[in-house]
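Visitor: One structure coming up, written as structure tokens, with questions to follow.
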Amino acid sequence: MADITEAAAKHTQPSHTENHKARQEQIRILLRLGDLEDAEANLVDALARARAEITMLREKMKLFQK
Numbered sequence: 001m002a003d004i005t006e007a008a009a010k011h012t013q014p015s016h017t018e019n020h021k022a023r024q025e026q027i028r029i030l031l032r033l034g035d036l037e038d039a040e041a042n043l044v045d046a047l048a049r050a051r052a053e054i055t056m057l058r059e060k061m062k063l064f065q066k
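For the sequence shown, the residue numbers in UniProt numbering are 1 to 66.
Structure (structure tokens):
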């Protein structure tokens, strides 16, 4: 009976290789997520700088219209 229980437990548990592959995939996902979050932050910063420059240039244009 113990042999059957042990065999069933081994059958339901992921193998070491499966665990390793799953962990590698998790690491790849986390690294990619970090890269994309960094890219998003860079885009947000660039957009803020562009908006500030647009505002400044519009203000300068108003000076010429007076």
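Ideal Cβ positions, reconstructed from N, Cα and C, are used throughout, including at glycine.
#1: Hey, could you find the ends of the alpha helix (DSSP H) Gln65 is sitting in?
#2: Taking the C-alpha atoms as reference points, what is the distance between Glu37 and Ala52?
#3: Beta-carbon within less than 6 Å of Leu31's beta-carbon, same chain only, minus the 5 sequence neighbours each way: which residues are those?
#4: Between Asp18 and the rest of its own chain, which residues show a CB-CB distance below 7 Å, the 5 nearest in sequence each way excluded?
Guide: Per the coordinate set shown:
#1: Taking the first residue of the sequence shown as 1, we reach residue 65 at position 65. Segment 16-65, the alpha helix (DSSP H) holding Gln65.
#2: In the sequence shown, counting from the first residue as 1, residue 37 sits at position 37. In the sequence shown, counting from the first residue as 1, residue 52 sits at position 52. Their backbone Cα atoms lie some 23 Å apart in a straight line.
#3: Position 31 of the sequence shown, counted from the first residue, corresponds to residue 31. Cβ within range, chain order: n/a, list empty.
#4: Locating residue 18 in the sequence shown gives position 18, counting from the first residue. The question names Asp, yet the displayed sequence has Glu at residue 18. Hits under 7 Å: none found.
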